[in-house]
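Numbering (the numbering used here), first residue to last: 6 to 162.
Note that beta-carbon positions come from the ideal geometry of N, C-alpha and C, so glycine has one too.
Working notes for the structure below.
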């Protein structure tokens, strides 16, 4: 009985994570960078690996793990080279890495997967709290960098 209630809780938390992750991504800067395109390549590798797994073809697990690793490396590089780095950015990176670790743990049936899920949910709740309690860290859409095309034609050097 306890496990069925826990499974329902994990399902509800997963749906909430998807919804609020969409909100945070839409208000972020990663959609305007090349890193987002590379993350799509990683997602395509994961989808191809999932299709291989459905069709019982060899190297499906390897493709999925490579896709997860590619996404993790790209997101770590995005966070590392971003200026300035806020607490929200670090929490997003930790959350992405915990979700990817959960996927690998689930893929290979490692023990302690429940602890990774709980950690992922805890980091997500912390990330959501920082997102709503500290709106100055949501600087992404508030700042607009002036480009040359914003300057009138007669004032260009």
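Judged by DSSP in its simplified three-state form, residue 60 adopts coil rather than helix or strand. DSSP places residue 120 inside the alpha helix (DSSP H), whose first and last residues are 118-138.
The region 46-56 makes contact with the region 64-77; the number of CB pairs closer than 8 Å reaches 3 or more. At a Cβ-Cβ threshold of 8 Å, residue 124 and residue 103 count as neighbours. For residue 37, the three-state secondary structure derived from DSSP is helix. Between the beta-carbon of residue 100 and that of residue 129 there is about 5 Å, and that keeps the pair under the 8 Å contact cut.
By the neighbour-count criterion, in which 16 or more other beta carbons inside 10 Å mark a residue as buried, residue 52 falls on the exposed side. Here residue 90 carries a coil assignment [DSSP, helix/strand/coil]. Straight through space, the alpha carbons of residue 63 and residue 20 are spaced by roughly 31 Å. For residue 27, the secondary structure class from DSSP, reduced to helix, strand or coil, is helix. Only residues of its own chain outside the window of five on either side were considered, and among them 94 have a CB closer than 7 Å to the CB of residue 87, listed in chain order. About 7 Å separates the Cβ atoms of residue 69 and residue 55, confirming a contact at the 8 Å cut-off. Between residue 90 and the set 18, 33, 25, the nearest pair of CA atoms involves 33.
Sixteen is the threshold: since fewer than 16 other Cβ atoms of the shown chains lie within 10 Å of the Cβ of residue 59, the residue is exposed.
Proximity to residue 11 across 119, 141, 139 peaks at 119, based on C-alpha coordinates.
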